[in-house]
Amino acid sequence: MRRAFVVVVGMVCLVYAAWHVAMTRSTTIRLEPAGYELTYSMAWGWGMEERWTIRKFGALWSSPSSKWTEIWKKPYNSGMVVYASDDGQTYYFGTGYGLHFFQAETRGLLDHV
62 MRRAFVVVVG MVCLVYAAWH VAMTRSTTIR LEPAGYELTY SMAWGWGMEE RWTIRKFGAL
122 WSSPSSKWTE IWKKPYNSGM VVYASDDGQT YYFGTGYGLH FFQAETRGLL DHV
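This is the structure:
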């Protein structure tokens, strides 16, 4: 009985993990002069969520990132626009739910609107 329960729970976890991988898409761009990568991710489930992360080239862990933000209304208007300053040290990320500023020299978010 105990073994059957463990097998069923394991199967449920495996199916959920496969479903989550199948329902998530992401794209990564390089922020060349600064030496960072920006990854924008979308996940579908009962609704739709978006998230972004910044990572130094070759780093194992990401630096600043946003939380998963749920997009409430259909059609799910989502996406991200990226602008860079002339010196390539300050980046502006605009999503449907906020504007974020990242400064490469300090490795942190300056502001989050």
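Using the numbering used here, the final residue of the sequence shown is 174, and nothing's skipped along the way. Built from N, CA and C at the ideal position, the CB exists for glycine as well. Quick caveat, the model's predicted, so the values are computed rather than measured.
DSSP three-state assignment for residue i, whether helix, strand or coil
i, result
"Leu-75", "helix"
"Ala-65", "helix"
"Ala-95", "helix"
"Trp-113", "strand"
"Trp-80", "helix"
C-beta contact flag for residue i and residue j at 7 Å
i, j, result
"Glu-110", "Ala-104", "yes"
"Gly-157", "Ser-139", "yes"
"Trp-133", "Arg-112", "no"
Cutoff 6 Å; reference residue i; Cβ partners in own chain excluding five residues on either side
i, result
"Ser-87", "Thr-100 and Ser-102"
"Val-143", "Phe-154"
"Thr-89", "Glu-98 and Thr-100"
Exposed unless 16 or more other CB atoms sit within 10 angstroms - verdict on residue i
i, result
"Phe-154", "buried"
"Phe-163", "buried"
"Ala-65", "exposed"
"Ser-95", "According to the sequence as given, residue 95 is Ala; it is not Ser. Buried."
Same chain only: Cβ atoms within 7 Å of residue i, ignoring 5 sequence neighbours per side
i, result
"Ser-123", "Thr-114, Ile-115 and Arg-116"
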